[in-house]
Each structure stands twice: as C-alpha cells, then as structure tokens.
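Residue numbers (my numbering): 140 to 502.
Note that beta-carbon positions come from the ideal geometry of N, C-alpha and C, so glycine has one too.
One structure is given here, and the rest of the page talks about it.
Right under this line is the structure:
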C-alpha cells in the first residue's frame, strides 16, 4: 500500500475505518509554529459526520492526539505524529467478510490487490474515514501558510443540477472566511438552500448525489512548482485523486480551453502596483507548471456516494454467481459538505511541499 506522500514535506497515513485508530506522521514541518488548537478542531468538525441529514449518522469525536513533534504548543521541527481514535465502529453492518461486492466501492479491487487479506470492515484503508488524518495535517499546513500571506478558499460550485458562481469571475481579494461557517459553502446567497433540497430529494429516493468543488489559493508568489513531473498541477492533482470519490480535476478554464482560440485563452501580462500580473486568469495561476503569482484556481468532480439503499446487481465472491445487494448501515447521501475541508487540506499540504522545495532552491 502506498501510504506516503511528499518530498520536502512528507506525510504517512495509517489505520483503517474500523481499526482502533487512524493517524498521520508529518515529517519536515517547520519548527516554531504555535498551533491554534481551536482552529484545528474547527476544521476537524467541518469534516466530521453526523452534522445534518446530508451526512452519515456515524459520529466520531475526531480528537487529534499529538504524540510527537509538539512541545508547549509549538512545533519542534521533528516528525509530528497525530493519532485519531475510532470510537463508533459498527463492523456488524458489513457482515462476516467480503461476499457481495458493493458496486462503486473498492471491495473487488481491494480483494484482488491484497489476495483476500484486506481489512474489509467499513471499506478498510479505502474508506473516507482516513481523510480525518489528512484534515488534521492540512490544518497545520494552512496555519503556517497563512503566516506567509497564503489563503485557501473552497466552495461547492455544483451539487447535482444546481450551479454556483465561480472564483474565475469573483474578486480574489475579497474575504471568503465566511465559507468555512457554511454547511454548504456557496458564493451565491441563498443557493445553499436549493442545493440542500436537491440532496434531500436524492436521500428520499434512497439514492445519493455528487457535484463539483472549486478551490482558490491566493497570496502565492511566482515560481512555485518544478516541471515536468512536479508541476503545480501534477502535485495538487496527485493528492486530489488520492481522495475517495474525486474523479476529475481541471485548472483555470480547464476543459473550456477546448472551445477557445489562442487569442481568447492567453492571459495578457500587465504591470500593477509595480508587480507583473495577468489581466485574465484562464490558466488558473499556472504557466509551464509554475505559479505565475495569480490565484491558483481548480475544480474537482466528486462522484455520488456509492453506498445507496436501493437494491443493486452484483456478484457473490463466495459462490461465484450473480446476486442482488441491498446496503445497510450509515452513509452520506451527499459527500460534498464533508469533502470541502478535505480538499482545502490536500491543497495546503501540496502547497507547503512546493513552498519548501522553492526555499531549497535558494540554499
């Protein structure tokens, strides 16, 4: 299993959905930062289940325990080990082993990949439960980046058929802190209620629904990223696609470039307050895999939660025959509210890794 990421900032996650605990080791985090625990716990709460009818009823305290790397509330520069105990497992909801493989899940592929020895309970290592560790690590990275003037904002640009405005046409200098206080963060006032209604319709139909999360990073200097294989897009996308349910990523105009001509797609350069800027931002803040100083903007598509209460066609591994499956247990009809802080955390981790690499170029 590949559970380690990063070059200058290294992360190793561990644990499974129904194990005793999950956690993360962060190696390479800067020394001397005072941790704002209240803010870190607020980020954990945004990802936590059981907040509304749109999320699973499985409730976890998600209280991170700092075992190493922190002394008197400040980071020491040594590896930080964070442990999050699982306290509300219900393995009985998953039977006594892998038999009826769940459509949309990793039951079959995980069973084949690990020769039948995988921890199948609640999805094991494939569960979105492990993103709690990512949020804890990302919250630390976000706090450090903010000391450098870097801010990360996310909103739900689309839920089902309901679409919000885009950061592409929004004011990058506006204060988007209010998004963190919204269960369904949107730029357009009142649109969250329409999104909630659409999600609840899916829930009433014993179904689920997906959407699109858009992210904007402001305050980044020009020069981050290392082409070819460590471009800004490559590094962020690498982490995004490690998040369960993310199935598509685009930067800037993204697939919209396909309908443009070069004269429309290019971002003209200009001088503003003694700095080089672009008058448009179709590239999403990245040229040649390197940040150009404009806001980095990307979107990721999040699939509907595969665990639905409807009867589905599948296969029995034990008897090797076609079968019918009806999933029980506690599941999200819409994963988007809980996915937003995960995407923010993933972004912070990738940016801090690139930031440290850039600092190394000066040494």
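Among residues of its own chain, excluding the 5 on either side of residue i, which ones have a beta-carbon nearer than 8 Å to its beta-carbon?
i	result
residue 299	334, 337, 338, 341, 348, 349, 350
residue 250	237, 240, 257, 259, 456
residue 441	349, 350, 351, 352, 384, 385, 386, 474, 475, 478
Please classify residue i as buried or exposed, where buried requires at least 16 neighbouring CB atoms within 10 angstroms.
i	result
residue 394	exposed
residue 475	buried
residue 467	exposed
residue 399	exposed
residue 443	buried
residue 410	exposed
residue 379	buried
residue 430	buried
residue 262	buried
Taking the straight line between their C-alpha atoms, what separation do you get for residue i and residue j?
i	j	result
residue 359	residue 301	31 Å
residue 345	residue 462	20 Å
residue 238	residue 457	6 Å
residue 175	residue 282	8 Å
residue 502	residue 496	Below a pLDDT of 50, predicted positions are generally treated as unreliable, and residue 502, at 42, falls in that range; no measurement from the model is reported.
residue 179	residue 401	43 Å
residue 445	residue 392	29 Å
residue 285	residue 459	54 Å
residue 304	residue 382	24 Å
residue 246	residue 343	26 Å
residue 166	residue 295	31 Å
residue 168	residue 425	25 Å
residue 494	residue 397	31 Å
residue 188	residue 419	39 Å
residue 253	residue 270	21 Å
residue 164	residue 376	21 Å
residue 203	residue 219	12 Å
Which residue or residues does DSSP assign as beta-bridge partners of residue i?
i	result
residue 389	438
residue 126	Given a span of 140 to 502 for the chain in the structure shown, any question on residue 126 remains unanswerable.
residue 411	414
residue 302	297
residue 429	426
Along the chain, where does the beta strand (DSSP E) containing residue i start, and where does it finish?
i	result
residue 453	450-455
residue 151	149-154
residue 460	460-465
residue 307	That residue, residue 307, is in no beta strand (DSSP E); it is neither H nor E in DSSP.
residue 160	160-166
residue 355	350-357
Give every residue of the same chain whose Cβ lies closer than 7 Å to the Cβ of residue i, excluding the five residues on either side of it in the sequence, and list them in chain order.
i	result
residue 487	277, 280, 281, 284, 291
residue 242	445, 451, 453
What is the residue span of the alpha helix (DSSP H) that residue i lies within?
i	result
residue 220	Looking at the DSSP string, residue 220 is not in any alpha helix (DSSP H); the run it does join, the beta strand (DSSP E), is 219-224.
residue 298	That residue, residue 298, is in no alpha helix (DSSP H); its beta strand (DSSP E) goes 290-298.
residue 273	270-285
residue 375	371-379
residue 401	401-404
Closer than 6 Å by C-beta to residue i: which residues in its own chain qualify, once you throw out the five before and the five after it? Chain order, please.
i	result
residue 143	151
residue 216	170
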